[in-house]
Amino acid sequence: MRPSEELLRALVDRVSGHVLRPPATTDPVIRYATPATIADAFAASVGLSFAANEAAHSDDALVAATDEVFRWSVHTSHPSFVNQNFAGPDPIGVLGDWIGAALNTTGATYEVAPVFTLMERAVLDKLASLAGFPSPAGDADPPAGMFCPGGSVGLLFALQLARYRLDPDIIDRGSDGRPVAVFVSESGHYSTKKAAVLLGLGLDAVVTVPTDADGAMRPDALAAEIATASAAGRRPLAVIATAGTTVTCAFDPLVAIAEICADDDIWLHVDGAYGGSALFSPTQRRRLDGLERADSFVWDLHKMMGMTQQCSVLLVREPSRLEPCFATRADYLFQPDKRNAELDPGDRTFQCGRRVDVMKLWLTWKAHGDAGFAARVDHAIEVADHVRARIAASDGHFAPVVAGDFTNICLLWVPPELRPLTLGDLDDHTRSRLHALGPRVKIRMQDEGTALMGVQPVHGINCFRLLFMNPRVERADADSLLDLIDRYATREWVS
Ligand SMILES: Cc1ncc(COP(=O)(O)O)c(C=O)c1O
Numbered sequence: 286m287r288p289s290e291e292l293l294r295a296l297v298d299r300v301s302g303h304v305l306r307p308p309a310t311t312d313p314v315i316r317y318a319t320p321a322t323i324a325d326a327f328a329a330s331v332g333l334s335f336a337a338n339e340a341a342h343s344d345d346a347l348v349a350a351t352d353e354v355f356r357w358s359v360h361t362s363h364p365s366f367v368n369q370n371f372a373g374p375d376p377i378g379v380l381g382d383w384i385g386a387a388l389n390t391t392g393a394t395y396e397v398a399p400v401f402t403l404m405e406r407a408v409l410d411k412l413a414s415l416a417g418f419p420s421p422a423g424d425a426d427p428p429a430g431m432f433c434p435g436g437s438v439g440l441l442f443a444l445q446l447a448r449y450r451l452d453p454d455i456i457d458r459g460s461d462g463r464p465v466a467v468f469v470s471e472s473g474h475y476s477t478k479k480a481a482v483l484l485g486l487g488l489d490a491v492v493t494v495p496t497d498a499d500g501a502m503r504p505d506a507l508a509a510e511i512a513t514a515s516a517a518g519r520r521p522l523a524v525i526a527t528a529g530t531t532v533t534c535a536f537d538p539l540v541a542i543a544e545i546c547a548d549d550d551i552w553l554h555v556d557g558a559y560g561g562s563a564l565f566s567p568t569q570r571r572r573l574d575g576l577e578r579a580d581s582f583v584w585d586l587h588k589m590m591g592m593t594q595q596c597s598v599l600l601v602r603e604p605s606r607l608e609p610c611f612a613t614r615a616d617y618l619f620q621p622d623k624r625n626a627e628l629d630p631g632d633r634t635f636q637c638g639r640r641v642d643v644m645k646l647w648l649t650w651k652a653h654g655d656a657g658f659a660a661r662v663d664h665a666i667e668v669a670d671h672v673r674a675r676i677a678a679s680d681g682h683f684a685p686v687v688a689g690d691f692t693n694i695c696l697l698w699v700p701p702e703l704r705p706l707t708l709g710d711l712d713d714h715t716r717s718r719l720h721a722l723g724p725r726v727k728i729r730m731q732d733e734g735t736a737l738m739g740v741q742p743v744h745g746i747n748c749f750r751l752l753f754m755n756p757r758v759e760r761a762d763a764d765s766l767l768d769l770i771d772r773y774a775t776r777e778w779v780s
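The numbering of the sequence shown is my numbering, which starts it at 286 and goes up by one.
Here you go:
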């Protein structure tokens, strides 16, 4: 049965209303509800669960159910959503995503995705040029990498590339069981551990490298860990350097790390899922100096650049490595005798069906231009700088937990009697009260729908983490967030 045009128009109205008029400060960022409340809310329309023999529902019921989806969801476009290293989407990105969805194809072959195959090449090559990776000599060369479903998956693929370079027989024979070591900083993302497990390397293969106080990998410690692992008979497989760590947004020193990797011929993967977007800004790209020497690089455009989840690329300095590492040459998809088969992207990755995430990025980038993308990154840092300045001028009211100078801030609210705060001077009781304060404040904010911000331990104590990802967030919004923390924390500390 075809859906009625009225239903489709009503749903389009709901989406376009949300995209064109995203929630404002006066709206709740969330209506926090228990699972039972959410399920009850759907009971009046179509029900959340499915009956054994589910009937088709009326247009009105479906529209009512859609309203419940919007009602109970977290509004990541809200100026007080600073909870994650992504936030509300760029409206053009949403529509680009829709275009890709409307055309519903897979990025596996030129045959079914001619435009998207060419767009991928254009976007990947442009991203690679920002990363300082060599440009393909011509159309006969493969594009500079692949789109992939997220930074974690990109890292998994990168580790497989590293294994293939270390041991080319791994494709046919599988692992020879000799132990390897993968090095990542103690602030690195958990995807390294998950990838090690999935690839059969085991958690024992992951060597955690100490960081400095801001969370950046210490090159001297890396060199020492490599020497220790090698002496213990473990072959160094890869170093995962992070450009923008998840919590403190530290940038590992890539020049020094690349030097160590070159000396020992170790695959260098840079996890730029979060901080890779600094490359768009002429004043910020210095943070990734040395990236051009990496072997692979993951970059999430769904984090700082407002692409809808997900939009990630894995760039490879020698892209010709992808095909032999991943190809299985299925003749029911990659028939060599069809037209433009040489352009098929599908055998250069693990996936078969692949969303055409390039569409939204291509359209958004064309709409904003390089300068617009740079301005987005610069704006986020300006707002974060403003918060840092307010903390510094707060007479000890707030305390930074790490110095930081990118787009996120980790801070403590300091009770009046503890100002100025010296964490080392706190007795155990006071420290654990302060540690418990953040989660309590967060619950109050959720209850009242006023803000959603990160709260998690840094240096062993829960702090507030504000991530500025949304270009709608201005200095005044950031001021309001600090005022909110102050208001709730003052109330919770004495209660
Ligand atoms: C530094 C870093 N690396 C990797 C990832 C994982 O990326 P994804 O969520 O796209 O898998 C994240 C996610 O927050 C991250 O912060």
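Every residue gets a Cβ at the ideal spot worked out from N, C-alpha and C, and that includes glycine.
Buried/exposed call for residue i, threshold 16 Cβ in 10 Å
| i | result |
| --- | --- |
| residue 687 | buried |
| residue 599 | buried |
| residue 691 | buried |
| residue 237 | Nothing can be reported for residue 237, as the shown portion of the chain is limited to 286 through 780. |
| residue 331 | buried |
| residue 702 | exposed |
| residue 375 | buried |
| residue 470 | buried |
| residue 747 | buried |
| residue 623 | exposed |
| residue 338 | exposed |
| residue 293 | exposed |
| residue 763 | buried |
| residue 641 | buried |
| residue 674 | exposed |
| residue 305 | exposed |
| residue 463 | exposed |
| residue 356 | exposed |
| residue 298 | exposed |
Residue i: CB within 7 Å of a non-hydrogen atom of ligand 1
| i | result |
| --- | --- |
| residue 513 | no |
| residue 558 | yes |
| residue 474 | yes |
| residue 518 | no |
| residue 741 | no |
| residue 283 | Look at the range of the chain in this structure, 286 to 780, and you will see that residue 283 is not part of it. |
| residue 529 | yes |
| residue 595 | yes |
| residue 642 | no |
| residue 370 | yes |
| residue 537 | no |
| residue 499 | no |
| residue 344 | no |
| residue 585 | yes |
Residue i versus residue j - alpha carbon distance
| i | j | result |
| --- | --- | --- |
| residue 632 | residue 618 | 10 Å |
| residue 713 | residue 734 | 32 Å |
| residue 638 | residue 386 | 13 Å |
| residue 420 | residue 321 | 54 Å |
| residue 350 | residue 324 | 11 Å |
| residue 565 | residue 644 | 19 Å |
| residue 680 | residue 775 | 16 Å |
| residue 563 | residue 780 | 42 Å |
| residue 455 | residue 513 | 25 Å |
| residue 596 | residue 371 | 11 Å |
| residue 327 | residue 353 | 7 Å |
| residue 404 | residue 649 | 13 Å |
| residue 289 | residue 344 | 8 Å |
| residue 396 | residue 390 | 10 Å |
| residue 481 | residue 491 | 7 Å |
| residue 414 | residue 665 | 23 Å |
| residue 583 | residue 436 | 6 Å |
| residue 730 | residue 759 | 20 Å |
beta-carbon residue i near ligand 2 non-hydrogen atom, thresh 7 Å
| i | result |
| --- | --- |
| residue 382 | Ligand 2 is not part of this structure, which contains only ligand 1. |
Any chain D beta carbon closer than 8 Å to residue i
| i | result |
| --- | --- |
| residue 659 | Checking the listed chains, one finds no chain D in this structure; it contains a single protein chain. |
Quiz item: Does the stretch 428-447 come within contact of the stretch 472-483, defined as at least 3 CB pairs closer than 8 Å?
Solution: These segments touch.
Practice problem: Assess, as a yes-or-no matter, whether the stretch 721-735 is touched by the stretch 566-573 under the definition of 3 or more beta carbon pairs within less than 8 Å. | Solution: Not touching, per the Cβ criterion.
Self-check item: Meets three-Cβ-pair contact criterion under 8 Å: the stretch 628-647 and the stretch 419-433
Solution: Touching, per the Cβ criterion.
Quiz item: Does the pairing of the stretch 603-614 with the stretch 389-406 give three or more beta-carbon distances under 8 Å?
Solution: Counting C-beta pairs with one atom in each stretch, the stretch 603-614 and the stretch 389-406 have fewer than three that are closer than 8 Å, which means they do not touch.
Practice problem: Assess, as a yes-or-no matter, whether the stretch 517-536 is touched by the stretch 547-557 under the definition of 3 or more beta carbon pairs within less than 8 Å. | Solution: In short, these stretches touch, since the Cβ pair count reaches three.
Practice problem: Would you check if there are 3 or more beta carbon pairs closer than 8 Å linking the stretch 535-543 to the stretch 485-493? | Solution: With a cut-off of 8 Å, the stretch 485-493 and the stretch 535-543 do not count as touching, because too few Cβ pairs lie within range.
Quiz item: Would you call the stretch 413-427 and the stretch 442-456 in contact, with 3 or more CB pairs under 8 Å?
Solution: The answer is no - the stretch 442-456 does not touch the stretch 413-427, with fewer than three Cβ pairs under 8 Å.
Exercise. Count the CB pairs spanning the stretch 645-660 and the stretch 503-510 that are closer than 8 Å, and state whether there are at least three.
Key: Counting Cβ pairs under 8 Å, fewer than three are found: no touch.
Quiz item: Taking contact to mean at least 3 C-beta pairs separated by less than 8 Å, is the stretch 356-365 in contact with the stretch 311-319?
Solution: Below 8 Å, enough C-beta pairs join the stretch 356-365 and the stretch 311-319 to call them touching: three or more.
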